[in-house]
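*Asks:*
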Amino acid sequence: MKNQPENPWKIIGLFGSLGVEILLFIVGGAWLGRFLDDRWGSFPTWTATGLLGGMLLGGVSTVMAIRFLRKK
142 MKNQPENPWK
152 IIGLFGSLGV
162 EILLFIVGGA
172 WLGRFLDDRW
182 GSFPTWTATG
192 LLGGMLLGGV
202 STVMAIRFLR
212 KK
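Residues 142 to 213 in this note's numbering are what the sequence shown lists, from first letter to last.
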C-alpha cells in the first residue's frame, strides 16, 4: 500500500489551500495596516508593513505546513 501514487486531487487541494492561506495572510496584513494608517494618518507606512508582515507570515506558515506534511 505504501507504493501507491498519491491521489492527484489531494495534491491539487493541498496547493490550493496553501495558496489561500498565503492570500489571507497578505490581505489580512494589508487590511490591518490600512486600518492603522487611517487611524494614525501615517499612510503608507503601516500598509507596507502589513503587506510585508503578511507575506512573511504566509511564507512561514507554508514552510511549516510542508514540513508537517512531509513527516506523514
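Backbone N, C-alpha and C define an ideal beta-carbon position, used for all residues, glycine too.
Do the segment 143-152 and the segment 162-175 meet, that is, are 3 or more Cβ pairs less than 8 Å apart?
*Replies:* Because the criterion of three Cβ pairs below 8 Å is not met, the segment 143-152 and the segment 162-175 do not touch.
*Asks:* Can you tell me whether residue 166 is buried or exposed? The criterion is at least 16 other CB atoms within 10 Å of its CB, across all chains shown.
*Replies:* Residue 166 should be labelled buried.
*Asks:* Between residue 188 and residue 179, is the Cβ-Cβ spacing less than 7 Å?
*Replies:* Going by C-beta atoms, residue 188 is not nearer than 7 Å to residue 179.
*Asks:* Counting only the same chain and skipping the five closest in sequence on each side, list residues whose C-beta sits under 6 Å from that of residue 137.
*Replies:* Outside the modelled stretch of the chain, which goes from 142 to 213, sits residue 137, for which no answer is possible.
*Asks:* Pull up the distance between the alpha-carbon of residue 158 and that of residue 185, whole angstroms please.
*Replies:* The alpha-carbon atoms of residue 158 and residue 185 are separated by roughly 30 Å.
*Asks:* Whose CA, out of 212, 183, 208 and 161, lies closest to the CA of residue 199?
*Replies:* Among 212, 183, 208 and 161, the Cα nearest to that of residue 199 belongs to 161.
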